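What follows is a set of notes on a single structure, which appears directly below.
There are 2 protein chains.
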Amino acid sequence: MDISALLTSAGINTTTCIVLFSLYSVLRKQPSLVNVYFGQKLAQVRSKHHDNFRFDRLVPSASWIVKAWEASEDELCAVGGLDAVVFLRAVVFSIRVLTVASIICLFLVLPLNYFGKEMEHKEIPKEPLNVFTIGNVEEGSKWLWAHCLALYVISFCACLLLYFEYKHITKMRVAHISESLAYPSHFTVIVRAIPWVEEDSYSDTVTKFFTSFYAPSYLSHQMVYRSGTVQKLMTDAQKMYRMVKTTRMDQHCASTLMRCGFCGGPANSFKILSDEPESSRGRICFDGSDLRKKECGAALVFFRTRYAALVASEALQSPNPMHWVTDLAPEPHDIFWSNLSVPYRLLWIRRIAVIVASILFVIFFLLPVVFTQSLVHLDKLKKIFPFLKHIAQRKFVEQLITGYLPSVIFMLFLYIVPPIMMVFSTLEGAISRSGRKLSTCVKVTYFIIWNLFFAIILTEAALDHYQISILNLGDPRNIPNLLAKAIPTTVMFSSYGISIAHATFFITYVLTSGWASLSCELIQPFALICNLFYRFILRNKDYSTYGTYTFPYHTEVPRVLLFGLLGFTCSVLAPLILPFLLVYFFLAYLVYRNQILNVYVTEYGSGGLYWPLVHNTTIFSLVLMQIIALGVFGLKKSPVASGFTVPMIICTLLFHEYCRKRFHPVFKKKPAKIIIEMDREDEHCGRTEEIHLKLQSAYCQVNTSKALNVQKTVEHIDSESESDCTENRNVGSLEDVENITPGKRAIQLPVSWVGHSHFEELHVK
Amino acid sequence: MDISALLTSAGINTTTCIVLFSLYSVLRKQPSLVNVYFGQKLAQVRSKHHDNFRFDRLVPSASWIVKAWEASEDELCAVGGLDAVVFLRAVVFSIRVLTVASIICLFLVLPLNYFGKEMEHKEIPKEPLNVFTIGNVEEGSKWLWAHCLALYVISFCACLLLYFEYKHITKMRVAHISESLAYPSHFTVIVRAIPWVEEDSYSDTVTKFFTSFYAPSYLSHQMVYRSGTVQKLMTDAQKMYRMVKTTRMDQHCASTLMRCGFCGGPANSFKILSDEPESSRGRICFDGSDLRKKECGAALVFFRTRYAALVASEALQSPNPMHWVTDLAPEPHDIFWSNLSVPYRLLWIRRIAVIVASILFVIFFLLPVVFTQSLVHLDKLKKIFPFLKHIAQRKFVEQLITGYLPSVIFMLFLYIVPPIMMVFSTLEGAISRSGRKLSTCVKVTYFIIWNLFFAIILTEAALDHYQISILNLGDPRNIPNLLAKAIPTTVMFSSYGISIAHATFFITYVLTSGWASLSCELIQPFALICNLFYRFILRNKDYSTYGTYTFPYHTEVPRVLLFGLLGFTCSVLAPLILPFLLVYFFLAYLVYRNQILNVYVTEYGSGGLYWPLVHNTTIFSLVLMQIIALGVFGLKKSPVASGFTVPMIICTLLFHEYCRKRFHPVFKKKPAKIIIEMDREDEHCGRTEEIHLKLQSAYCQVNTSKALNVQKTVEHIDSESESDCTENRNVGSLEDVENITPGKRAIQLPVSWVGHSHFEELHVK
């Protein structure tokens, strides 16, 4: 691939991007698509009554960019929660570091690479990409100090920025905890593996245990019930009902159904219950003696103070660690009920099974990697399989196959990874939806870095250096011998290989996967198709119930981290990738801000737990960059440059260890000091009793089902917002609703209630 | 090496053992050596007043064996603490498993090996050892199912026994915690990294913090002071004083010096303090304003209840995890003061430095390994270095060099490892002496397994298969190529190598290192020499102050674990090692019981924390045995046997994971239930106030110095034993002192006080 081919590819992608971005600016103005592009705004609809967006209406197309650009961090935090801020900070961090890297690499390293060897240069458009990489520098060149210097500057900047980011995000996390005064999760502990005692129900056992050992602080508890067939049938029936009918259900009935629709008793019993909100409805509702059999060995235990709950969650309760396992509870909307009823004694084996399955999945996934890689090396393939020559005779076809097709195929393959990893995380037994997403995110990150980076480089190097050996594979007894030869040499050359052979692949990957994914993110094709399907095929006008999603951190964080990794590892060796990456990150910054502000609802959050992952992956990328550079310096026979690289690696690792000590514990445990101070503030304000009352009805096992959630009525919202201590404190009037502390549940309204009269004010923003 | 050579070696070692054991039975009767062989009895001297050992005196030599055999587990636990019981249980476990392994391997596997190939057998004494190993079985033999069956039986027995042992030891640990009602450590939390506040001393900061956040449960605190030059000078002066003079110091002065000899103030101030035991002496003593500068950022904080201390120790106190780091305190005699004054912010870097140093140490240690290995392979060496032929011409010299010398050299080299690892653990920042010993033990175990097992096998295999290649090393450019060839083949053949080439080395190692080390342990050469040195060179009759040690778990546990590893890995492949190992473990059982009962004092204990190490290492040995067997089955072309081995490996790993979940948490945290019940019992008995009073004088920074410790007087002991709640509860009269809960400090008495009148009753046991 030469510069002209690269520019062609870049041109195609830029055009695609512009077209799609324009398409987006048109689509978002369609009233019928409001639920696709304004899910978040719909959730916050009442706050928009008094916003004056009249002026913005006059600028139809680029206004969303301006809005996205102008939103402050507080605003984003309010809308998207701490996780959104952390994610955007990761993007900003990448922009900052890559800007520094671009400046030093494009102005210092790139010319040195280009003029590294005494050779006759062609015209620049016909120059192959190799001449811009470190591969073009002579062995033993004295100019390698420049590469080493660039490495030092990038590493130093990255570490400095990482430190301040980690510090800032730790502060934000602490603030997030201390500001969330009304979170019921702070008072609640999940107890699992309750031992079975003859003659007593689980509930009695819990009462006995906690009144015995936590008498001063124990408030009450709520059992977790097996999600039996009755419940499933009911949920299904309700879904069917809503799918066919658009008329609203009787609100009162719906709201009681949500709370106590579990036991299937007569409706009037619900009425009585809902008239007595202060009684713990769940328990009365399930008090039938036959329902005891439905109890799981798990319960939510409520404590009088946050500190008591924190202490109970951290202690080892019983001399048998497989009994009375405690954990801080997730938020009511975050809790993942079906995993709570999984017997605790099965969890460890589930976890092992998932690890094994993940490893097998990664191995299986090497096949598409090898396949796409072989497409990039069409010239080598042609030697091995002569019949390919006929197919790839035309230059255009060849360019398409080598330049574009591999990453497209790859992307399509990669689309199946996050759902599979999500299933794995579910099976693993995550007790919260945010925890499940975080766990998926970690898995996808490992997967993507391993498969996209190492597997590609290694198979490439193997293809490169051993194509002839592979052809002679006739005798299977040669394989161990071949491997014995291949592995060490592969490892040695792979560090070199990246600079030369991979620049092409990775640049096209950034262009196709990166830029295209952003356009895709804007357009939301899946939600769009669903919307059209419901409207034109099912003729269902209540399309509001479909197309609202939470932010897909588990796909977007790994992608951003992968591009960061590419930026670091390629920066010094093949600096040509940097401008493309910078463009990607700038677009990502705008697009993701827009999406967080407009599209995704924030039902739950992990409270910034994504940052340690970002931090660790970045440190990994840095060290990898340094090790690869070390290898390349070694191959280029520059002992000075190699010598200077080693202390850098050590310093980076020490820095990582320091950060782990200094910041990471806050992301694992809640600081006692903060929690105690919050308890005091509660006492000081006299809120304690009120909180205790609300606590007992905060969690309801059937309540959190997304489908039911949407049906919440206006009355319901009113009562919710009144019952919310934080909102009472922060929000003076409806105009201030934007200031609602985020990370809480965003309450979704049926569009039928919002009414089309409000629509005009919504969709033009 | 053939059978006759092996028997020669065994004969030499058996004779040596018998001679040394007899020597021991003579030496232990010498009155002047009582402090060498009866350190523990000296500590417990008062309990022996009424024991009637008259009958035993008539049987002079083997009586110690009978005594050691007869001692019950409770007795051992009382004398040596839980750690001693755990250690002996590890030995018993090895005996049990190896008995099973011996039965199946000697009666089923050994004959199959011997008649594995159709060959003419020589007379058995001239038979080389190889014919008894799996190396003698034909490729593709149908009899390999027997080896596989033996593997299954051994693995199953080992796992079953491990499970019950772990369960039993967990119970013992819980009982140990719940019985230790008067331990001051339960009420005490070590706080480190106290932030420095202008205008306040550290002490004031601690008071403010804990009265603010732990007001209901905070009792008082005691600062840790920098161990300055004054203290060092004082300690040195005291040591010198004792070394030169044998007259007893003024007892009262000594006891006050021990408590408050830090600030160097006038002696009468101490008098006043010691007359008021209820005031917190340490704090009053150090209350001079200039002494504030000596305060470290560390303190011992005392709480009203055990549970409060437990909770405070487990919580993350501050949003900055590098401030207010809390930890449960060790026992007063266990605490390692000098590491407490190390600034906490330096600890992480110290820890990293120690890890790096340990790795370098292991690498450096490969040299003696390679050296000794080359001696074993004299025949190969002779080919490489022809001049060796002249030296090793005589058969006796050759046998000596190949059979005995390597392991002796090796053993001598290995003697320097534990002290170095102990220094590493000290630098690492252990806050308790037991923790330091445990950490050393872990390091030595890793070291010894790596160096003695893997390094030997790998260098051996390398020597074996690549001696010719090594000779052709003339061109250094060949090295990477050579390595590339060597590593995979080495790994493949090493599993095979163990059975054939290593039987010799490992058997001689068991004979020399194992048997000899036990004799050595009995004789206590170092203490003996010290004793003689003090008596005959220094003419110091107060030899009681020297030669009392705590049990060296950090050298003995790794040795036992290594022999266990050898037993497992060699059992199926080279069963001839098993009888020698069994003899070793039987002797070890007797010798260690005797030593624990008689020699070593128990000043501190970890409360059974050695068991997880034993468990993990045993599982590692099991899996290694299975993997090596898998490799050998593969080389012997028995797919059935290989196929059956794989599920066994998986099951073993799953079993390990289960045990980690089921038992290990109890070894990391104290169960809240137990602690709360203990608090209740205190309240019920009305002991609380009394405990609080004693708590404040329990820890004294200068107190625990070993040299000073010995000088404790009779009055002191009386007050100590009275002040001990447990003893008050359990011990009715002096006759029952043997029932004192162990793991506590064993108080050492000066022999001058014990007097020679008691001696007769002591030394003949």
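Protein chains in written order, with numbering that gives the first Met the number 0: chain A, 0 to 764; chain B, 0 to 764.
A virtual CB, placed ideally from N, CA and C, is assigned to each residue, including glycine.
No experiment lies behind these values; they were computed from the predicted model shown.
Taking the straight line between their C-alpha atoms, what separation do you get for residue i and residue j?
| i | j | result |
| --- | --- | --- |
| A:K743 | A:E602 | Note on A:K743: pLDDT 37, under 50, position unreliable in the model; the coordinate value appears next. Near 6 Å, if we compare the C-alpha coordinates of A:E602 and A:K743. |
| A:V84 | A:S179 | 17 Å |
| B:F643 | B:Y165 | 27 Å |
| A:T682 | B:D678 | It should be noted that the sequence gives Glu, not Thr, for residue 682 of chain A. Roughly 28 Å separates the two Cα atoms. |
| A:K170 | B:G513 | 57 Å |
| B:M118 | B:P418 | 51 Å |
| A:I649 | A:A157 | 15 Å |
| A:F131 | A:T554 | 32 Å |
| B:S424 | B:I595 | 24 Å |
| B:H120 | B:L109 | 15 Å |
| B:T549 | B:T13 | 28 Å |
| A:I448 | A:S570 | 17 Å |
On a Cα-Cα basis, can you pick out the residue from the options that is closest to residue i?
| i | options | result |
| --- | --- | --- |
| A:V300 | A:S696, A:M624, A:L218, A:T14 | A:L218 |
| A:I766 | A:C156, A:F302, A:L572, A:S101 | Shown here, chain A extends from 0 to 764; a query on residue 766 of chain A therefore has no answer. |
| A:L128 | A:A4, A:A671, A:S154 | A:A4 |
| A:S357 | A:S438, A:L531, A:L517, A:K66 | A:S438 |
| A:L560 | A:V613, A:V205, A:G80 | A:V613 |
| B:T568 | B:L653, B:A9, B:I133 | B:I133 |
| B:I618 | B:S154, B:I595, B:L366 | B:S154 |
| B:L608 | B:V665, B:V598, B:L629 | B:V665 |
| A:A174 | A:K693, A:T687, A:E676 | A:E676 |
| B:V556 | B:A526, B:P611, B:F525 | B:P611 |
Any idea if residue i is buried or exposed, counting beta-carbon neighbours within 10 angstroms, 16 or more meaning buried?
| i | result |
| --- | --- |
| A:S312 | buried |
| B:G604 | buried |
| A:C684 | exposed |
| B:K141 | exposed |
| B:H185 | buried |
| B:R538 | exposed |
| B:V713 | A caution first: B:V713 carries a pLDDT of 30, below 50, which makes its placement in the model too unreliable to give a value. |
| B:F654 | buried |
| A:T210 | exposed |
| A:P320 | buried |
| B:A297 | buried |
| B:V65 | exposed |
Within the 9 Å Cβ cut-off, does residue i reach chain B?
| i | result |
| --- | --- |
| A:S3 | no |
| A:N319 | yes |
| A:W347 | yes |
| A:Q316 | yes |
| A:Y657 | yes |
| A:A297 | no |
Does the beta carbon of residue i come closer than 9 Å to any beta carbon on chain A?
| i | result |
| --- | --- |
| B:R435 | no |
| B:I430 | no |
I'd like to confirm something about residue i: is its beta-carbon nearer than 8 Å to some heavy atom of the ligand GTP, or not?
| i | result |
| --- | --- |
| B:I351 | This structure lacks the ligand GTP; in fact it carries no ligand of any kind. |
Entirely enclosed alpha helix (DSSP H) segments - the region 633-662 of chain A, minimum 4 residues: 638-661
Minimum length 3: unbroken beta strand (DSSP E) runs contained in the region 289-346 of chain A: 294-302, 324-327
Runs of beta strand (DSSP E) lying entirely within the region 532-618 of chain B, each at least 3 residues, in chain order: none
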